[in-house]
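Chemist:
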Amino acid sequence: NERSYLLVRAFGAMGLETSQLALLTVEAVQKGEIFLHDRAIHIPDNFRTELLSYAESMGIERGEIFLSGRGTPLHRSNVSCEMKTLYRAAGFPESDRYPRQLRLLHANTRKNIVAALEPLVDVLQDMLLDADSIEEEIS
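Residue numbers for the sequence shown follow my numbering, beginning at -14 and rising by one.
(1) Buried or exposed: M112, going by 16 or more other Cβ atoms within 10 Å of its Cβ?
(2) Considering only their Cβ atoms, is the gap separating L89 from L6 smaller than 8 Å?
(3) When you compare the region 66 to 86 with the region 9 to 24, are there three or more beta-carbon pairs, one atom per stretch, that lie closer than 8 Å?
(4) Give the DSSP bridge partners of I26, in chain order.
(5) I'd like to know whether the C-beta atoms of L(-8) and M68 end up nearer to each other than 8 Å.
(6) Who are the near neighbours of S53 in its chain, counting only those whose CB is closer than 8 Å to its CB and skipping five residues on each side?
(7) Within this structure, are the beta carbons of T3 and E49 separated by less than 8 Å?
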């Protein structure tokens, strides 16, 4: 279902914890970022579009996007149950059927990307320093 898909994206693409789902409000999604521990977390544009479309289809005009069938905020036990059902259907091992597994995937992917970019940053920094020294020689 669409809510399960969006939950997977929230955990996997943004690295959110279950307790942080409440930060995904219509207002925050419209602005394109949520604030967590005094830092802004960007909501990717395609995910924003999907969240706003989902909210509209569910009749949610403001406030939290992830609600139960009764219109109350999703409790972590509801999220965990929904994710376990999804993981079971996808054939995940029992030990990996928790939302935190997606958050860990996000963290590890991000760490690997940053590690891959570090050598490129070093090369760019060297190039900039070389350009500065050449410019000084010309002046």
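The beta-carbon is built from N, C-alpha and C at its ideal position, and this holds for glycine as well.
Modeler: Answer, in terms of the structure:
(1) exposed
(2) no
(3) no
(4) I19
(5) yes
(6) Counting only Cβ-Cβ distances below 8 Å, and skipping sequence neighbours, we find L59, H60 and N63.
(7) no
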